[in-house]
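J.:
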Amino acid sequence: MHCQVCRDTLRNICDPSKVKRICSTEWFEAYCRRENISTLQDHVEKLPSEKAWRDPEELNHWAYGHHGSWQSLQESRNSNCNICRRLWPEEVPEFQQELSFASVITFTDVTKDNLKQELHLDVYSAFTNWCFFLYTTLVNNTLSYLEPSTSSPTTWGIIQHWLHGCVEGHECDHRTDKDFLPTRLLELTISDAECSFRLVHKHEVAPGVRYLTLSHCWGSKAWNEKLVLTETNLGSLRQKQNIDVLPQTFQDAFIVLKRLGARYLWIDRLCIQQDSIDDWRVESASMEEVYSNSYLTIAALGAENDEGGCFFTRQDFLDSLDTIQVCFESPQQPITYNHSSGSLRHSWTIGEPLLERAWVLQERFLSPRVVYFGSRQVFWECYELHTYEQRPGISFNYKPPSKLGKRIINNQATRSTRKTEQGVEIVLLRLYDPENEVENMFRDWYQVLSDYTRLKLTNPEDKLVAISAVAKRLRKLLDNAGLNSEYVAGIWQQRLPYSLIWFLRSRPPPLSNARVQVAPSWSWAAVNAGCDFLDIRGKTSDATILVSSQFTVRPKDVKIKDPLVDFQGIKLVLWGTKLIAHISTQGWQIQNLGALDLEPIRAKEMNRELISYITFDDWKKYSTENTRGQKFECIPLVLYEDEGEDLPYSFYCMVVEPEGPYYRRIGMATLYLSDKRYIWEAIGSTPKEEFVLI
1 MHCQVCRDTL RNICDPSKVK RICSTEWFEA YCRRENISTL QDHVEKLPSE KAWRDPEELN
61 HWAYGHHGSW QSLQESRNSN CNICRRLWPE EVPEFQQELS FASVITFTDV TKDNLKQELH
121 LDVYSAFTNW CFFLYTTLVN NTLSYLEPST SSPTTWGIIQ HWLHGCVEGH ECDHRTDKDF
181 LPTRLLELTI SDAECSFRLV HKHEVAPGVR YLTLSHCWGS KAWNEKLVLT ETNLGSLRQK
241 QNIDVLPQTF QDAFIVLKRL GARYLWIDRL CIQQDSIDDW RVESASMEEV YSNSYLTIAA
301 LGAENDEGGC FFTRQDFLDS LDTIQVCFES PQQPITYNHS SGSLRHSWTI GEPLLERAWV
361 LQERFLSPRV VYFGSRQVFW ECYELHTYEQ RPGISFNYKP PSKLGKRIIN NQATRSTRKT
421 EQGVEIVLLR LYDPENEVEN MFRDWYQVLS DYTRLKLTNP EDKLVAISAV AKRLRKLLDN
481 AGLNSEYVAG IWQQRLPYSL IWFLRSRPPP LSNARVQVAP SWSWAAVNAG CDFLDIRGKT
541 SDATILVSSQ FTVRPKDVKI KDPLVDFQGI KLVLWGTKLI AHISTQGWQI QNLGALDLEP
601 IRAKEMNREL ISYITFDDWK KYSTENTRGQ KFECIPLVLY EDEGEDLPYS FYCMVVEPEG
661 PYYRRIGMAT LYLSDKRYIW EAIGSTPKEE FVLI
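Numbering follows this note's numbering, with no gaps: position 305 of the sequence shown is 305.
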């Protein structure tokens, strides 16, 4: 629900006689957002009152008064207004009680065209602010077309509309091999209103036949061993069985298959032999082809295991929907918008378990079309359209896909100080450089990795395998471009040394807890934590490489079975200088970060501004308490120049420690400084040597 103040303010937002224009958004952005809206007290009376109806595009230029007092805001908060309840601080300071306005509204990107689809507004109180999106409703100013079940005929009609529109009107059929079929498929047979399935080999199926894929959570529940493909039950799965014997998610997937008039479905649990390492290796190596050539991927978004199903009852969600009217051209022509705490596109993945799985990312990224069956809504994702039931004809504002894969929607927490309504945001995969498609694909790769590393894996040993399909796609594209780039343990030879510059985004478990070595120490896959990658910036033209690097196999007789996932015997050789990092006894008292003096640069920059720190890959072993006052060896990698910054030079070094004849990465050292001469003097005075990293 919305309070009367919110309703009156938005309905009359273009009428200056009813809604006070407090100040320009330029002034508000420069002063009030940086402090708090109490600074408006001296400014609120300086704008003359106007009676003329304003052009809606002028909404972008002004900050508008909302609640006139804290008492009014508190009353709306107590009435559970969807907007005002988010603006109330835990404690209200006494000096805030007499403000002329307790809350303020600003608008972003309002044009006459987009206001017919959505409205983006920011609402501020003294110590907090929230970003809200309002969407135009579609049927008689209501959402009555949404039914309580996501398996309803109405929902299915929307899905068929999306699918037909994509097949007939989009260029989403990016199949690399139109005759490709997975090794095994599940065949659906319908007779006398009974649905049965059986496992078939691809040789039993006509080449190029349409098949669907299922993306699902296996869950932690014990499985029915008769419904998992093993050497023992291969024969029984080859026999027809009623789909009723399957877990609910699989049954529902077959219902989707039936409604589409399709016959073949691929489910990993029933199409990959689970007790054969050899079969698993072969099939996992073909995931890029399996999903890229799929007609449609069914994503069981809301199911935490295979018993959860694809279809859900959502009456509580429908009951939470609310509308509000905004007048732009005249009071007699309102536009009705929908606003619900559970319905915004920014929160569509909240509480949905599927997208927490690391394996799922490449399934989504490579599939030409995905239909997501969530617990609240059904969503659609293809190369040209991202949409959902609440607004089935309106696409999210995404840029076109690159050759690497389609855009996917991300639900990671916002890093900005401005919160969206649920504290999350949708992140575009990258900024585009239309003149350099190879650079664009690599930037996509590192953005995918940034998303991938924060997801969950049941088996840490799968860290490289579960992203190998995307790596395989990129390798094909590089080969087609005449760039034979070697790929080892998640690192591309062509991007060395930039691809070695990665940082932990979150604190991982101690590395000593790992059951097996998942990846070499220099690979992002070696840590069980979210990572950020410098290469996302894509600013290689502003960088100076300070080290030469290459992969080598030592001993020479080691055979690499699959370079996409195997790394045993492969070493990283760096040829460069070695500097000494000294962890200061003073500085930040945050674990995993230490104030850093890098010899001999610290003496040169002693009287200048300098920011420096080390991020360690094992926060427990190299905690602040354990490293303060210690010295570590560093290998300089890259020097970036960023004009316009107070400290324009960014200097990145890999922190290593010796292990026998080799070195092991233990972290990254970063310096931001004002003069690059000190870097050159330090490197020039140090002899070059070879470092072999494991």
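Think of the CB as a built atom: it goes at the ideal place given N, C-alpha and C, for glycine as much as any other residue.
Only a predicted model underlies this, so the values are computations on that prediction, with no experimental measurement involved.
(1) Does the pairing of the stretch 377 to 392 with the stretch 489 to 509 give three or more beta-carbon distances under 8 Å?
(2) Kindly indicate which three-state DSSP category Leu199 falls into: helix, strand or coil?
(3) Who are the near neighbours of Ser512 in its chain, counting only those whose CB is closer than 7 Å to its CB and skipping five residues on each side?
(4) Identify the continuous alpha helix (DSSP H) that holds Ala543 and give its terminal residues.
(5) Could you tell me whether the Cβ atoms of Ile666 and Leu546 are closer together than 9 Å?
(6) Using 10 angstroms around the beta-carbon of Leu385, count the other beta-carbons present and answer buried if the total reaches 16, otherwise exposed.
(7) Which value, in whole angstroms, describes the spacing of the CA atoms of Val448 and Ala581?
(8) In whole angstroms, what is the alpha-carbon distance linking Ile679 and Trp445?
(9) With a cut-off of 8 Å, do at least 3 Cβ pairs link the stretch 464 to 480 to the stretch 626 to 643?
(10) Which residues does DSSP pair with Gly65 in a beta bridge?
(11) To the nearest angstrom, report how far apart Leu134 and Asn338 are at their CA atoms.
(12) Can you tell me where the beta strand (DSSP E) holding His164 begins and where it ends?
(13) Could you spell out where the beta strand (DSSP E) holding Gln325 opens and where it closes?
(14) Which residue wins for smallest C-alpha separation from Phe551, given the options Tyr487, Gln239 and Val378?
(15) Measuring straight from C-alpha to C-alpha, what distance separates Ala222 and Ser499?
(16) Go ahead and pull the three-state DSSP assignment for Phe254.
(17) To test your reading of the DSSP string, which unbroken alpha helix (DSSP H) runs of 4 or more residues are found completely within the stretch 460 to 488?
(18) Give the single residue among Lys202, Lys226, Leu265 and Asn129 whose Cα lies nearest to the Cα of Leu188.
(19) If you reduce the DSSP assignment to three classes, tell me which class Met1 lands in.
(20) Cutting at 6 Å between CB atoms, please list the residues of its own chain near Ser549, excluding the five before and the five after it.
(21) Starting from Tyr291 and walking both ways along the alpha helix (DSSP H), at which residues does that stretch end?
(22) Using only the alpha-carbon positions, how far apart do Gln251 and Glu363 sit?
(23) Thinking just about the alpha-carbon of each residue, which of Thr25, Ser485 and Thr686 is nearest to the one in Thr577?
(24) Tell me whether Tyr446 sits in a helix, a strand or coil according to DSSP, three-state version.
(25) When DSSP builds the beta bridges, which residues end up paired with Ile22?
(26) Between Gly302 and Leu270, is the Cβ-Cβ spacing less than 9 Å?
(27) Of all the options Ser650, Ala529, Glu633 and Met654, which has the alpha carbon lying nearest to the alpha carbon of Trp619?
(28) Return the chain-ordered list of same chain residues with a C-beta closer than 7 Å to the C-beta of Arg357, the five sequence neighbours on each side being excluded.
(29) Please report how far the alpha carbon of Asp279 lies from the alpha carbon of Leu227, in whole angstroms.
T.: Judging by the given coordinates:
(1) In the pairwise beta carbon analysis, the stretch 377 to 392 is classified as not touching the stretch 489 to 509: fewer than three pairs are separated by under 8 Å.
(2) Leu199: strand per DSSP, three-state reduction.
(3) Here Ser512 scores only 44 on pLDDT, less than 50, and its place in the model should not be relied on; the value that follows carries that caveat. Around Ser512: no qualifying Cβ.
(4) Unbroken run through Ala543 is the beta strand (DSSP E), Ala543 to Ile545; no alpha helix (DSSP H).
(5) Result no, Cβ atoms of Ile666 and Leu546 do not sit closer than 9 Å.
(6) With 16 or more Cβ atoms within 10 Å of its Cβ, Leu385 is classed as buried.
(7) In this structure, the alpha-carbon of Val448 lies about 32 Å from that of Ala581.
(8) About 30 Å.
(9) Verdict: no, contact absent.
(10) Paired residue(s): Val104.
(11) Cα to Cα, Leu134 sits roughly 6 Å from Asn338.
(12) First-last for His164: Pro153 to Gly169, but that is the alpha helix (DSSP H), not the beta strand (DSSP E).
(13) Annotation: the continuous beta strand (DSSP E) that includes Gln325 extends over Asp322 to Cys327.
(14) Per the C-alpha coordinates, the member of Tyr487, Gln239 and Val378 positioned closest to Phe551 is Tyr487.
(15) The alpha-carbon atoms of Ala222 and Ser499 are separated by roughly 40 Å.
(16) DSSP, read as helix, strand or coil, puts Phe254 in helix.
(17) For the stretch 460 to 488, whole alpha helix (DSSP H) runs of length 4 or above, ordered along the chain, are 468 to 480.
(18) From the listed residues Lys202, Lys226, Leu265 and Asn129, the smallest Cα separation to Leu188 is found for Leu265.
(19) Here Met1 carries a coil assignment [DSSP, helix/strand/coil].
(20) Within the same chain, Cβ atoms closer than 6 Å to the Cβ of Ser549 are found at Leu496, Pro497 and Leu574, the five residues on either side in sequence being excluded.
(21) Run containing Tyr291: Met287 to Ser292, per the alpha helix (DSSP H) assignment.
(22) Gln251 and Glu363 have their C-alpha atoms some 20 Å from each other.
(23) Comparing Cα positions, the closest option is Thr686.
(24) DSSP places Tyr446 in helix when its eight states are reduced to three.
(25) As far as DSSP is concerned, Ile22 takes part in no beta bridge.
(26) Leu270 is positioned such that its CB atom lies no closer than 9 Å to that of Gly302.
(27) Of Ser650, Ala529, Glu633 and Met654, the residue nearest in Cα terms is Ala529.
(28) The residues are Cys217, Leu455 and Lys456.
(29) C-alpha separation (whole angstroms): 17 Å.
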